[in-house]
Each structure stands twice: as structure tokens, then as C-alpha cells.
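Student:
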Amino acid sequence: MKKFYIIANEDKQNTKRTLKRIGEYLALKGASWNVHESREEEEGRRPDLGFKYTDPRNVPPDTDCVITLGGDGTLIQAARDLAGLNIPILGINLGTLGYLTQGNGQNVPEILDALLRDHYVLERRLMLEGRMSGKSGASFRDVALNEIVVTRKDSMKVTKLSISVNGRFFTSYTANGVILSTPTGSTAYNLSAGGPIAAPNCQIMILTSICSHTLNMRSIVLSSDDTVRIEIVNGGEGEQTAVFDGDTAVDMSKGDVIEISRSSLETTMVKLNEDSFLDNVRNKMAGI
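With numbering that gives the first Met the number 0 applied, the sequence shown corresponds to residues 0 to 287, in that order.
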């Protein structure tokens, strides 16, 4: 790898310093780079253009790798914004957990050396596509790397959802909502809601209810080839919402439907260290 595109989250501490170190090191090694600096408080995702923070049209087509400076959220948003470019992404953690990232600002030279010497492996991560259709004829479509959540806006109330899989009715949930997670997202909201952890190379989706009003509701592991249909059964106008990767949200009302399936797009992530998936779980999620 010799050509890089750097997405720097200015809201994170030490972003400027880390960016300066990266630029100096790449210049020393004769590599080239472009930089996009973003802020978390920028306006919401722009469905008409297909991006929120990073315009894919600004990424040079000969880019070998996208490097994100921030946390998991910065990496996830870059994956969504740049989905379809098929450029590998590597995250350098300037946040807290950094479960999806490959290092931090302290080991920048080691990270860049590995990239420049092609000492890495690439992991392809499946993404979800959600297609919402409303009774009024309104529609919305977006992708997610971690999960798509359907929930009530008022977290103190429950919602009733009808779930079908591949055109066949499966069950109804009375709960705060439901999560449909990828293996990548299994360690995020899905885990907090009691769902299972899945290895990132599994070809599955995980359906997990949020605070279900029943004693025997468990997560369901589905094939990534399945299509899940979620219909809002109760509630008033705009009382529910579908949320993509904890970021983009679209209002839903009684009778509205969202269909979720595997996206034709994938995220390619750069893996540098030799730690296994389980090593990563143990080291970064102590207490599991």
C-alpha cells in the first residue's frame, strides 16, 4: 500500500497530533495521502447523496487504503459513506474501546510500516440493507455495518412488531424494539441486549429483542440469505423509528414496514495483528 485517504474525526482528542505524525511518517517513506477532517455534529446523513461525513467522490480512485482516526463510530461511518468503493479500511483508535480498530495513536509507525510492507490480511464484513415503505408511499433505503434497530422513540413505552422471515410469519414482539445485527455488530448493541457474540466471518444475521415483555424470548440466528420483514403493529404517527448503526434514523408509524436483508455491498477491513477473534473479545471486552 502506497496511497492513503485519511478520515480524521476532529472531535477526538489528539487528532491533530496523530494526523501530523502520520503525514510526516508517510512523507518520509515516500507514500502519498489525502485528508478529510470531519466533526460528529455535522448534519444528518444525506440519502440523496448517499453519505454523511465523507463524500466518496472526493476519494481518489487509486487509493489503496482508508485510515480512520477516531473510534469505532468513525470507522463505521466511513464504511457506510464509502460502501461500494471496495477500498480497505483501517481504524486507529483515538476514542475509548476501539473494538474494531487496529491500534492507537501511540503505535502509528508500526501500523504504517505494516501497511507499507503489505504485512496485513483483509477481512470482508457483510452489511445489511434496510428498505422502509410507509402507508403514505414514503420510502427510505440505507445500509448498516453493525445493526438496524426498530424501536419506540419514547423508551419508556413498548411497541408491538410483527416479524416475518422470507415471506412467512415468524412471531410478534411486544418489546422496546428489535435489533437485526451482523456478526460485526454482534459485540455492540446486540450484546448489550443479551444477544450472542458471533465470529466476524460468519454468514449470519442475529435477531434480538430489546427488553421483551415475555419470559422466554431468545435471540434468533438467521442465515445472511434470509429477508426479515418488520411491521409496526401499534402506535401513532412517527412514534417508532428505524436506526441504522446508531446514526441515521427514519420515522415509522403503525402499518409501516421495513425489510432487511444482506446488502450487495461489503466492508473490507484491514487486520494487522495476529490476535484471533476470541483474543480480541478477551482483551477488549474484559468481564465476558
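All residues carry an ideal CB built from backbone N, CA and C; glycine is no exception.
May I have the straight-line CA-CA distance separating Ile88 from Ala77, to the nearest angstrom?
Tutor: Roughly 8 Å between the two C-alpha positions.
Student: Rounded to the nearest angstrom, what separates Cys64 and Lys134 at their Cα positions?
Tutor: Near 42 Å, if we compare the C-alpha coordinates of Lys134 and Cys64.
Student: What does a CB cutoff of less than 7 Å around Arg123 pick up in its chain, not counting 5 residues either side in sequence?
Tutor: The answer, listed in chain order, is Glu265, Thr267.
Student: My understanding is that Ala241 touches Gly129, with C-beta atoms under 8 Å, so please give their C-beta distance in whole angstroms.
Tutor: 6 Å between Cβ atoms; contact.
Student: Between which two residues does the beta strand (DSSP E) harbouring Lys270 extend?
Tutor: Start and end: 256-270.
Student: Express the C-alpha separation of Met251 and Lys11 in angstroms, rounding to a whole number.
Tutor: Computed Cα separation, rounded: 33 Å.
Student: In three-state terms, what does DSSP make of Arg281?
Tutor: In this structure, Arg281 counts as helix in the three-state DSSP scheme.
Student: If you reduce the DSSP assignment to three classes, tell me which class Arg130 lands in.
Tutor: Arg130: strand per DSSP, three-state reduction.
Student: Between the segment 193-200 and the segment 133-152, are three or more C-beta pairs nearer than 8 Å?
Tutor: No contact exists between the segment 193-200 and the segment 133-152.
Student: How big is the Cα-Cα spacing for Leu48 and Asn33?
Tutor: The predicted model places Leu48 with a pLDDT of 48, which falls under 50 and marks its position as unreliable; any figure quoted below should be read in that light. Each residue's alpha carbon lies about 21 Å from the other.
Student: For Leu190, I'd like the list of residues in its chain whose CB is within less than 7 Å of its CB, leaving aside the five on either flank, ordered along the chain.
Tutor: So the list reads Ile196, once near-sequence residues are dropped.
Student: Is the CB-CB distance between Asp71 and Lys51 below 8 Å?
Tutor: In this structure, Lys51 does not lie closer than 8 Å to Asp71 by Cβ.
Student: Can you find the residues in the same chain that come closer than 6 Å, C-beta to C-beta, to Phe243, ignoring five residues on each side of it along the sequence?
Tutor: Contacts found: Asp141, Ala143, Ile147.
Student: Which residues does DSSP list as the beta-bridge partners of Gly90?
Tutor: Gly90 pairs with Thr67.
Student: What do you reckon, are the CB atoms on Thr150 and Ile209 nearer than 8 Å?
Tutor: Taking 8 Å as the Cβ cut-off, Thr150 and Ile209 qualify as a contacting pair.
Student: List the residues that DSSP assigns as beta-bridge partners of Thr207.
Tutor: DSSP lists Ile178 as partners of Thr207.
Student: Along the chain, where does the beta strand (DSSP E) that runs through Ile21 open and close?
Tutor: Element bounds for Ile21: not the beta strand (DSSP E) but the alpha helix (DSSP H), 14-27.
Student: Is DSSP giving Thr100 helix, strand or coil here?
Tutor: Coil.
Student: Relative to the alpha-carbon of Gly90, which residue among Gly83, Gly102, Thr181, Leu96 has its alpha-carbon at the smallest distance?
Tutor: Among Gly83, Gly102, Thr181, Leu96, the Cα nearest to that of Gly90 belongs to Gly102.
Student: How about Asp61 and Lys152: are their beta carbons less than 8 Å apart?
Tutor: No, the Cβ-Cβ distance between Asp61 and Lys152 is not below 8 Å.
Student: Does DSSP put Arg228 in a helix, a strand or coil?
Tutor: Strand.
Student: Which residue marks the beginning of the alpha helix (DSSP H) containing Glu109, and which one marks its end?
Tutor: Its alpha helix (DSSP H) spans residues 107-115.
Student: Taking all protein chains shown into account, decide if Leu121 is buried (16 or more other Cβ within 10 angstroms of its Cβ) or exposed.
Tutor: Burial call: exposed.
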